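A.B. asks: Below are the C-alpha cells for one structure; questions will follow.
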Amino acid sequence: MDVISRLSRHIAFLVMIITIPLMFITVYGAVARYFFKHPDIRVMFLGECCYGIMFSLGGAYALKTGALVSMDFLYKRLPSGFRRILDALIYSIIIISCVV
C-alpha cells in the first residue's frame, strides 16, 4: 500500500476517534444547559472545532473512496449557455465567501 493511501486511512481513523469527544461535548452541553441552567460557551466552540475537523478530513476521505454523490448528471443536461451562467454564479459565490 502506498504512503498516500495509508495516510488517508489513518486520517479516516482520526476522524472516527474525534466523534467520541464530540459526543461527550454535546451531551455535557445539553446537561449543563437544561439541568443545571448553566450553559457553557466552550461547548459551542469545541463542537464547532470538532465538526470542522470532521467535515474537512472526512470529506477528503469520502472523496477518495468515491462515497460522495455526484450531481454531474443534472449539470450535463443543461444547455451550455446556462452552464456558463451557473458556473459564473457559483464561482463568484465561492470567491466572495472565501474573501469574507
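Going letter by letter, the sequence shown gives residues 1247 to 1346 in the working numbering. Glycine residues also receive a C-beta, built at the ideal position from the N, C-alpha and C atoms. Note that the structure is a prediction, hence the values are computed from the model and not measured.
Does Ile1271 pass the burial test, meaning 16 or more other C-beta atoms within 10 Å, or should it be called exposed?
C.D. replies: buried
A.B. asks: Which one of Ser1343, Ile1299, Asp1318 has the shortest CA to CA distance from Thr1265?
C.D. replies: Ile1299
A.B. asks: Tell me where the alpha helix (DSSP H) around Leu1332 begins and ends.
C.D. replies: 1326-1345
A.B. asks: Smallest Cα separation from Ile1287: which of Leu1253, Ile1336, Gly1305, Gly1275?
C.D. replies: Gly1275
A.B. asks: In three-state terms, what does DSSP make of His1284?
C.D. replies: coil
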